[in-house]
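A.B. asks: Following my numbering, the numbering of the sequence shown begins with 2 at its first residue and continues without gaps. Note that the Cβ used here is the ideal one computed from N, Cα and C, for glycine as well.
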Amino acid sequence: MSFSMVPLLLAGKTISVQVKRALVENRLQDAAELLIREYGLSCIEAGDLLDVAACEGGA
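1) State the Cα-Cα distance for the pair alanine 60 and valine 7, rounded to the nearest angstrom.
2) Helix, strand or coil, according to DSSP, for lysine 21 in the structure here?
3) Decide if valine 20 is buried, meaning its Cβ has at least 16 other Cβ atoms within 10 Å, or exposed.
4) Just the Cα atoms here: how many angstroms apart are arginine 22 and leucine 9?
This is the structure:
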């Protein structure tokens with residue numbers, strides 16, 4: 002069992018509709034890219050939030 006930040010992001014009032022849609026549709030890579038672009042997160046931060054490899058090259 003792992004801890005997921007997705008429910009918290011879905012409930013967030015400041016999270017964009019596009020990010021929420023990607024999360025609901027289980028498009029975690031797309032959601033990570035949107036978080037990076039829209040909120041200035043690093044690829045490491047976005048990847049850690051969503052448990053995906055968000056940095057180019059999977060690093």
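C.D. replies: For this structure:
1) Confidence at alanine 60 is low in this model, with a pLDDT of 46, below 50, so its placement is unreliable and no value can be given for it.
2) helix
3) buried
4) 14 Å
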